[in-house]
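Asker:
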Amino acid sequence: MELISPISLLKEKIDAMTLLSPNSVLLRILCQALLLALPVSLLAQENKPTIQQYVVIDNTADVYEGKQVVTRLKQGSTVWGFQENQGWLLIKIPGSSKRGWTQGTHLQVRQLDPQQAQQWKRQADAAATRVRKLASKKQYQPALKAARESVEEHRRLYGDEHPQTLNELIAVGWLTAMTGQTAEGRKQIDAAVATQEALFAPNSPALAGAYHLAARFALDIDQDYATNNYQRLFDLYDKIYQAAPAENIRKHREIVTSLIRAGKYPLAQKYAEKTWKLVEANQLTLTETAFLVMSDQAAIAQRLNRSAEAARLYRTILELPADQISGQARGLTHNLLGQVLISQDKRREAAKEWEQALPLYEQHYGNDHLSTASLLHDAGWNQFLLGEPTRGRTLLERALAIRAAQLPADNLQTALTHSQLGYLCSQAGDHASALAHFRKGVEIAEAAGGTDSLTVASYYSALGFGLGAIGDPSASDYLERSVKLYQNSPQKFSSGAADAYRRLGEDLLYRGQLTQALPHLQRALKSFEQQNRPLYAAITLSTIARVYLKQGQLDAALENCEQALKKRVPIQGLRHQQVSQLRLLMARIHQQRNELAQALSLAQEVSEIASQDLGAHPLTVQAFSDLAQYQYASGQIDAAFESSDQARRFSRRHIREQLPFLSDTHQLSYLNRKDRPSLHQSLAMAWQQQTGAPSIKQSAEWLINGKATSHEALALQHRLHRTAAQTGRLEKLDAAITGIQAASAAGSQVPRNSEINDRITRLKSELNLKEDQALSGQAWVTHQSVQETLKPETVLIDFIRLQIPAELSIDQRKESRYVAWITSAGEEPVQIIDIGPAGPIDAQINAASQELQSSVTIIVSQGEAKATEACNAALQQLSQKLWSPLPDSVKQARNIIISPDASLWLVPWAALPIKGEPLIKAHQFRLVVSGRDLIPSDESASANPPLIVADPDFETKVSAPDQSPAPPAIQTRGSANFKNFSPVPRLKFAAAEAASITPAINQLCGRPPVVLTGKQATEQAVKSATSPEIMVLTTHGIFLPSDNDTTTSEFTFDSEPHTELNNPLLRSGLLFAGFNESTSGSDGVLTGAEILETDLEHTDLVVMSACDTALGEINNGEGVAGLRQSFQLAGVNSVVASLWKIEDRQTAFLMKDFFEHLAAGKSKSEALRQAQLNRIQSRQERNGAAHPFFWAAFTLTGND
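No gaps in the numbering here: position 944 of the sequence shown is 944 in the UniProt record's numbering, and each next residue is one more.
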C-alpha cells in the first residue's frame, strides 16, 4: 500500500475546503497562500523519489518514449519532473497522460521572484473573485470570459498543468456548459481532470479535490454525469482509506452534506445509503459515527417530505447507548425530531422533545447562547399554539433577551421573536405589549431591508393584525402594504404571502367589505392547503365562515366551521383559546338557524372552559355574553341575567388590568369594538324587562361599572406617570421592566419568575406604585355601595345612549335610545326609564345650545325679556323630552346627581323650565362621569395653599380709530379666532373677580390664596403648581371643533367599524399672559393635553371662570374629552366649568357668591345653586327677566 505523506494530507484538506465552498474568496486565498508558501521541492514528495516543476529553457528539448521521439517541448513551457537518472528526467508530457524522458540540460527548476509571485497571486485572486460574483448572479456569459482570463492569470502564477490552473479550467468547462455548450463543457472538465490523473498516482488523495469539484459542477449540467463523478470520488476514498474505515465514512459524509447543501436530495440519499452500508460493514452502528450518518439520512428524508422516516431515524439515534452519543448530539437530535413532528402537526409530541432538548442545550451551549435562543423561540411559539400562553411567553421572552443582547440591532431573528410575542400578547388581551412588540419588529425589519423590501412585508402584516385587534383604522394601511409587497415579488405564493392575504381578508370582513374579503381568504386557504399547513387553513376557514354568516349563507358557514374544527382539535385540543372562539362562532350560526339548543350547549361549554383557563379575558366576556343572549332568547331570563353579570365582571377586571397601558385613542377603539356591544346587549335585556325582573339591580351595577372605563384608565395612566416623574424614576422603571421581562410591558395577568416579580415590586414600592393601588383598586363597585352614599332626598340618574342589538329589538325599536337607571336614597328599588329615541333628543339639545350661544346678539338687539322668552321655548321642548319622562322619585328629590352620556353632557339641567320656572329653584344639580365617582376616595387633602390665576396680560394692540368695533356690548371670556391666533382683549372684570373671591377662599381654606395677575398670570405658573387646595382660573377659554366632529362617536353591532379618533385635548385650552406675543418657549395656551401633565392629585376644586370650558369631544359612555376631563384626569376632585361663552361682569358676581356660600359651609352643588339663584333674582329685579345665558352656563362635576 502506498504511504500517504503529510503534504498529501495537507493538500487534501486544502482541496476539500476549497472545493466544498468553491465560491468562497477567503478560503481560496488562504488555500492558495498555503500552497504557494511551500517549496516546489516539497510538493515533489507527493510521488517518490521526486516531483518537481521545471521550465523549458530552449527549443531543442526532445521527449523520448523508449528510443522514439514523441514530442519536442516548447521553450518557456512548464513540465512536471518525476525522476532523474544520469542527466535525464522523467517528465509528464504536456497535454497527454503519458510520461517520457528528456535531457536535464534543457530544463531549469521553476522559481519565481517572491515580490513578482505575490503580485501575480493578487491578480489571480481578483480574477477568481470576478468569476464568482458574475456566476452568483447567473451572468454566465460574462463569467465565462472572466474565467478564461482567470486561467491565464493562474497559468502565469502556477504553470500550465498545476492543480490550481487545472481547477480553473474545470470552472471554465462548467461555465461553458451553463452557456448552452453542454458537450464542450463536459469535454473541458474531463480533460482537466484527466490531466491531474496523469500528474498524480492513481490512488492519490490529491485527485479527490479534482473529482469533487468536477462532481459539484456536474450537478448543474447532467444528473448522470454528476453521479459518475461522485462514484469516482467514492471509489477513490474506498481505496485510499481502506484501512481507516472511520475516516472513509467521514469523507463519504462530506460528499453527502455537500449534496444536501446543494439541494440534490435524491443523489444525497443514494450516497447516504452507501455510507450507512460502510457503517454496518465496519460494525459502527452503535457509535457516534452512526449518529452522524443517520442524522444525514434523517435530514434528507425530511427535505424529501418523508417525515415519518425522518422521525424514525431520529428516534433510532436516541436509542443509541448513552456512552456513544454526547449530550450535545442527543440535545440536537431531540430538537430536530421536534422540528419533524411540527411538520406533521404533532405539536404536543414536539413539545415533549423540546422539553428534553432544552436542558441539554443549556448544559452544552449555556443559558445565553444563540442556539439555546433558537430552541427557546421554537418551543415558546409551539406552547402558545398549544394553548399554553404562560409557558410560551416565558420561553419567548428568554429567547428575546438573548437575541436582543447578542445579535446586531437589525437582525431579523430578533424581529421574529418580537412579532411572535406580539401575537401571544394580543391573544392574551395585553394589547399594549402586543403593539410594542409588533412595532419593534417593524422597526428592525425596516432597518434590515427598508420600507419597500420583502423583508418587512410579514412584519407590516403582523402590525396590521395587532392594530386591527383594537379597532385602529391604520391596520388596513399596513395590511394592504404587506399584500402589495408580496404581490410584486417571487414569493407571491409563499406562506408569508398567504398569511398577509388572510389578515387583509379579516380586516375587510370587520370593515364590512364582504365581497372584497372573500377572494383574499380563499386564496390564502388554497395556499395553506398546498403548503400542508392545516392549522392556518383552519384559521382561514373560520374567517370564511364569518363572511358567509354575515351574508346569510348559514349552511356554508357551518360547513366551513366543521372543517376548521376537524383540523384544529387534533392539534390544539378542545380547550385551546382559538378552538373556543371557533365553537362560539358555530354557536352563533346555530342560533341564526334557530337551533337554540345547540347554540346554548356550545356557549355553555366554552364559557366554562374560558372562565377556568383564561379568567378575565375578552374571550371569556364574549362567551358569557353570547350565552346570555341565547338564554334570553329561550326564555331563561334569570340565567341570562346571571351570565350577563359574569360577562360584565370579567370585562371590568380585564379592562382595569389592560386599558391603562393603551393610548387614549386605542382605549376608545378597543372599547367600541370589544366591550361596548356586550355592555349594551346586557343593558338592553334589562331595558326590555323594565322594573319587573328581580335582577334589575344587577343591571344598574353593569352601568355603574361599564361607563367611563377609558376615563378611569386614563386617570390611572397619568397618575402612574406623574408619580414616577415626581421621584425621577419613570425611565428607570420602564427600562427595568423592559429589560427584565424582555420587552414585555407591565401589567401581565400571570406571574413569572419570582426574582423578576420581586425586583419589579421593589421598584414600584420606591415609586409608591403598589399594585393594589395602581392596578387593582375596587375592581367591582356594587349598586349597594353607591346607594349608601346617597343622602336623603337624593337621586342618581345614570343615563346611557343605548344601542339596541338587532336580536333584542322590539316594536321595530332598533335605533339608539336614551335610557335612565334611577337610584334613590335608602332601599328604594332601581327604576329603568326609557327616555326616548336618541336622534330627536340630540337634535333638540343642539337646537337649545344654538339658541343659548346666539343669545348675546338677541339680548342686545331685542332686550333680555324677549330673548328669555325665546330661549325658554327651546328649553321647554328639551325639558319635555328629558325631564317629563322621569318618575316622581326624581321630581320629588331635592338633590339630583346626573351621570350623563353623549349629548346629555351639553344640557343646562338647572335651566330646564317646568311650569315656567327653571329646575334650579326646586333642585340642586351636580354631574358625575359614572356612579363610581360617588364612592369616597382615600386621598388626603392638599397641604398647599389655594391658587388664583386671573386677568392675564395678553398685551393686546389698540384698535385703529377707523375700525368699527366688532364685539357686541356684552364682553365674553372667549377667544374669537384661536386658529389664526387673533389678539384677545384683556378681561375688564377678571381682576375685580380675583379680589372679590380672595376673602372667601381665605376663610374656606384657612390660609390666603396665592394670587397671580397680569404678567404673572402665565401658563407656566399653572403647569408648575403642585396640588393647590383650590385653583381658580379667570381668563379666556377656547374649544376648537375638529373638521369632522359629529355629535357622538358611535359603534354598531354588525359592522364593527374603525372610527377616526383624534386628540381633542389639543383643541381645548385656556389663554394666559403673553398669548398675543407668544414665543417658542411658551405660547400662552394651556391645552387639555398639558393639564394632564400637571400634579393636581390632591386638589379639591378647580373653577374655570372662562368660556366653553365644559365643551369637548363627546364619546359615548366616556364623557366629554376637553378641559373639564383633563383636570379630572390630573387628579382634581371637582370641577366647575362652563357650557358656553360667559359674560364677564355677571361671571365675576356669580363667582363671588359661589365662594361666599362655600365659605359659609354649603356643599359645592348647593353653593353653585345659591349663586345662580342670586343672579336670577338680581336680573329679574333689574331687567324683568333672567336669561339663562347669564347664570346657567356653569356646571359642577365630581365630588360635593
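By construction, the Cβ of each residue, glycine as well, lies at the ideal position given by its N, Cα and C atoms.
In this structure, how does DSSP classify Y365 when only helix, strand and coil are distinguished?
Answerer: Of the three classes helix, strand and coil, the one that applies to Y365 here is coil, per DSSP.
Asker: Using 8 Å as the cut-off, can you tell me whether the segment 1169-1176 makes contact with the segment 1143-1150, which would need three or more C-beta pairs spanning the two stretches below that distance?
Answerer: Contact holds: three or more Cβ-Cβ distances are below 8 Å.
Asker: Leaving aside the five residues before and after S611 along the sequence, list all residues of the same chain whose C-beta is less than 6 Å from its C-beta, in chain order.
Answerer: Contacts found: T620.
Asker: Report the three-state DSSP secondary structure of T540 (helix, strand or coil).
Answerer: Of the three classes helix, strand and coil, the one that applies to T540 here is helix, per DSSP.
Asker: Taking 7 Å as the limit between beta carbons, can you name the residues of its chain near D613, skipping five residues before and five after?
Answerer: Closer than 7 Å at the Cβ level, and outside the excluded window around D613, lie R575.
Asker: So who's on the other strand from E65, going by DSSP bridges?
Answerer: Q68.
Asker: Based on Cα-Cα distance, which residue from R99, G1069 and Y423 lies nearest to Q196?
Answerer: When each option's Cα is compared against that of Q196, the closest is R99.
Asker: Just how far apart, CA to CA, sit A191 and P163?
Answerer: Whole-angstrom Cα-Cα distance: 12 Å.
Asker: As a quick exercise: from G327, A208, T1026 and I470, pick the residue whose alpha carbon is nearest that of residue 1201.
Answerer: Nothing can be reported for residue 1201: it is not among the residues displayed for the chain, which extend from 1 to 1200.
Asker: Buried or exposed for R817, going by 16 or more other Cβ atoms inside 10 Å?
Answerer: Classification for R817: buried.
Asker: Buried or exposed for E1181, please, with buried defined as at least 16 other CB atoms from any protein chain shown within 10 angstroms of its CB.
Answerer: Exposed, because fewer than 16 other Cβ atoms sit within 10 Å of the Cβ of E1181.
Asker: Using the Cα positions of L1040 and T1197, report the straight-line distance between them to the nearest angstrom.
Answerer: The straight-line gap from Cα to Cα measures roughly 22 Å.
Asker: Please classify V456: is it buried, with 16 or more other beta-carbons within 10 angstroms of its beta-carbon, or exposed?
Answerer: Classification for V456: buried.
Asker: Of the choices E288, I57, G1084 and R588, whose alpha-carbon is the least far from that of S77?
Answerer: Residue I57 is the option with its Cα nearest to S77.
Asker: For S601, which of L584, R593, A616 and L683 has the nearest alpha-carbon?
Answerer: Residue L584 is the option with its Cα nearest to S601.
Asker: Quick check on A746: does DSSP put it in helix, strand or coil?
Answerer: Caution applies to A746, whose pLDDT of 36 falls short of 50 and renders its modelled position unreliable; the value that the coordinates give is listed next. A746: coil per DSSP, three-state reduction.
Asker: Does the Cβ of F1194 have 16 or more other Cβ atoms within 10 Å, making it buried, or fewer, making it exposed?
Answerer: With 16 or more other Cβ atoms within 10 Å, it is buried.
Asker: Let me make sure I understand the geometry here. Which of L175, K137 and K138 has the alpha-carbon closest to that of S150?
Answerer: The shortest C-alpha separation from S150 is found at L175.
Asker: Can you give me the start and stop residues for the beta strand (DSSP E) that A1137 sits inside?
Answerer: From DSSP, the beta strand (DSSP E) with A1137 extends over S1134 to S1138.
Asker: Just confirm the distance between the C-beta atoms of H437 and L421, as a whole number of angstroms; I'd bet it's less than 8 Å.
Answerer: The pair is a contact, with the Cβ atoms about 5 Å apart (cut-off 8 Å).
Asker: If you follow the alpha helix (DSSP H) that A311 is part of, which residue opens it and which one closes it?
Answerer: Segment S307 to L318, the alpha helix (DSSP H) holding A311.
Asker: Since F925 is in the beta strand (DSSP E), which residue starts that stretch and which ends it?
Answerer: Q924 to L927 is the span of the beta strand (DSSP E), which, as asked, contains F925.
Asker: With a threshold of 6 Å on Cβ separation, who are the neighbours of I317 within its own chain once the five nearest residues in sequence on each side are excluded?
Answerer: Answer for I317: F291, M294 and T333, listed in chain order.
Asker: Identify, in the order they occur along the chain, each residue of the same chain with its Cβ nearer than 6 Å to the Cβ of G1184, setting aside the five sequence neighbours on each side.
Answerer: So the qualifying residues of the chain are A865.
Asker: Please determine if the segment 875-882 and the segment 1160-1167 are in contact, where contact requires at least 3 C-beta pairs separated by less than 8 Å.
Answerer: No, because fewer than three Cβ pairs between the segment 875-882 and the segment 1160-1167 fall closer than 8 Å, the two stretches do not touch.
Asker: How is Y486 classed by DSSP in three states: helix, strand or coil?
Answerer: Correct three-state label for Y486: helix.
Asker: Just how far apart, CA to CA, sit D555 and K440?
Answerer: Those two C-alpha atoms are separated by around 42 Å.
Asker: Taking 8 Å as the cut-off, decide whether the C-beta atoms of G1014 and D1083 are in contact.
Answerer: Not a contact, by the Cβ cut-off of 8 Å.
Asker: Check whether the Cβ atoms of V340 and A310 sit closer than 8 Å, and answer yes or no.
Answerer: Yes, they are a contact pair.
Asker: Which of the three DSSP states, helix, strand or coil, is assigned to G81?
Answerer: In the structure shown, G81 sits in a strand (DSSP, three-state: E or B).
Asker: I think P1188 touches L852, with their Cβ atoms under 8 Å apart; what is that distance to the nearest whole Å?
Answerer: With 8 Å as the limit, P1188 and L852 qualify as a contact, their Cβ atoms being about 7 Å apart.
Asker: Tell me which residues share the same chain as P913 and place their Cβ nearer than 8 Å to its Cβ, disregarding the 5 neighbours each side in the sequence.
Answerer: Answer for P913: N872, L875, Q876, S879 and L919, listed in chain order.
Asker: Excluding the 5 residues preceding and the 5 following residue 1268 in the sequence, name in chain order all residues of the same chain whose CB lies nearer than 8 Å to its CB.
Answerer: This structure leaves residue 1268 out entirely; the chain is present only between 1 and 1200.
Asker: Identify whether I51 lies in helix, strand or coil by the three-state DSSP scheme.
Answerer: Residue state, collapsed to three classes: coil.
Asker: What are the start and end residues of the beta strand (DSSP E) that includes G1069?
Answerer: S1068 to L1071 is the extent of the beta strand (DSSP E) around G1069.
Asker: Which partner residues of V109 appear in the DSSP bridge assignment?
Answerer: DSSP output for V109 lists Y54 as bridge partner(s).
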